[in-house]
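Undergrad:
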Amino acid sequence: MQHIICSSSEVVKQNLTGEGFIKTHKNIFDLNQIWIGPRPHLEQDENFKQIIPYIILSYQDQIAVYQRTKQGGESRLHNLNSIGFGGHIDAFDLAYQTDGTIDLDQTIETSGQREIEEELKIDRIVNKTKLGYILDNSNPVGRVHIGVVERWELSSESINSNEAEIKVLGLFDLKTLKTMSNQMENWSEHIVNGL
Numbered sequence: 002m003q004h005i006i007c008s009s010s011e012v013v014k015q016n017l018t019g020e021g022f023i024k025t026h027k028n029i030f031d032l033n034q035i036w037i038g039p040r041p042h043l044e045q046d047e048n049f050k051q052i053i054p055y056i057i058l059s060y061q062d063q064i065a066v067y068q069r070t071k072q073g074g075e076s077r078l079h080n081l082n083s084i085g086f087g088g089h090i091d092a093f094d095l096a097y098q099t100d101g102t103i104d105l106d107q108t109i110e111t112s113g114q115r116e117i118e119e120e121l122k123i124d125r126i127v128n129k130t131k132l133g134y135i136l137d138n139s140n141p142v143g144r145v146h147i148g149v150v151e152r153w154e155l156s157s158e159s160i161n162s163n164e165a166e167i168k169v170l171g172l173f174d175l176k177t178l179k180t181m182s183n184q185m186e187n188w189s190e191h192i193v194n195g196l
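Position in the sequence shown counted from 1, then plus 1, gives you the numbering used here.
1) Please classify His-191: does DSSP put it in a helix, a strand, or coil?
2) Give me the DSSP bridge partner(s) of Lys-131.
3) Taking only the alpha-carbon atoms, compute the straight-line gap between Gly-148 and Asp-46 and give it to the nearest angstrom.
4) Enumerated in chain order, which unbroken segments of the alpha helix (DSSP H) with a length of 4 residues or greater are wholly contained in the stretch 19 to 69?
5) Just to check my reading of the structure: Asn-210 and Glu-154 have Cβ atoms closer than 8 angstroms, yes? What is that Cβ distance to the nearest angstrom?
6) Does DSSP classify Ser-10 as helix, strand or coil?
7) Any contact between the stretch 162 to 169 and the stretch 55 to 73? By contact I mean 3 or more CB pairs, one from each, below 8 angstroms.
8) Taking contact to mean 3 or more Cβ pairs, one atom from each stretch, closer than 8 angstroms, check whether the stretch 54 to 61 and the stretch 109 to 119 are in contact.
9) In terms of DSSP beta bridges, what is Gly-171 paired with?
10) Name, in chain order, the residues that DSSP records as bridge partners for Leu-136.
11) Using the C-alpha atoms, what's the distance from Asp-31 back to Pro-141?
12) May I have the straight-line CA-CA distance separating Ser-83 from Thr-99, to the nearest angstrom?
13) Note down, in chain order, each residue of its chain lying with its Cβ closer than 6 angstroms to the Cβ of Met-2, except the 5 sequence neighbours on either side.
14) So, with DSSP's three-state summary, where would you put Leu-121?
15) Grab the span of the beta strand (DSSP E) containing Ile-103 for me, first residue to last.
16) Can you give me the start and stop residues for the beta strand (DSSP E) that Ile-1 sits inside?
17) Taking the DSSP output, what are the residues bridged to Phe-86?
18) My guess is that His-146 and Gln-51 are in contact by the Cβ rule of under 8 angstroms, so how many angstroms apart are they, rounded?
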């Protein structure tokens, strides 16, 4: 059974105001309130927010867009466009500081890197920037997830899919992305409208 990383929902509520795409460099998580648990349980338990790295890949002011195909596991996202790569943080993604405490920033980066390597063929990443968080409590799925939004700059425009679940549509500037936002999954739509 898959075990994943999450935070107490109460900690998120105390440290993050608003909903949608929230731009901040502030760390909102409390390491004393980071939990590892079975994914099937956490998908239903609103006392916890599953932490999801949501990585935007860009090259020269253009952002990568992909479509989630019907081969993907999450039927609610089929045929929707997305600008966010990543997924759940598995227990084996955990990184630790020298004193033995969890290094959450490195854990998020490790998980994001693993997901991108599984899903895509890309050249090097030359820069990584934290943008903020995505929070949407308007539906049952959103109430148990929080996205950590980062922008990773690529060394070239070469992006290809490694998986049948992902169809890469290409790189688009922000003006074009705004015209596509009504065809995007909820989190991507919030981010595009907030950039």
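Note that the Cβ used here is the ideal one computed from N, Cα and C, for glycine as well.
TA: In short:
1) helix
2) Glu-151
3) 17 angstroms
4) 40 to 43
5) Limits of the chain in this structure are 2 at one end and 196 at the other, which puts residue 210 out of reach.
6) helix
7) yes
8) yes
9) Val-66
10) Gly-21
11) 23 angstroms
12) 36 angstroms
13) Pro-39
14) strand
15) Segment: none, Ile-103 is in no beta strand (DSSP E) and carries neither H nor E.
16) Outside the modelled stretch of the chain, which goes from 2 to 196, sits residue 1, for which no answer is possible.
17) Ile-56
18) 5 angstroms
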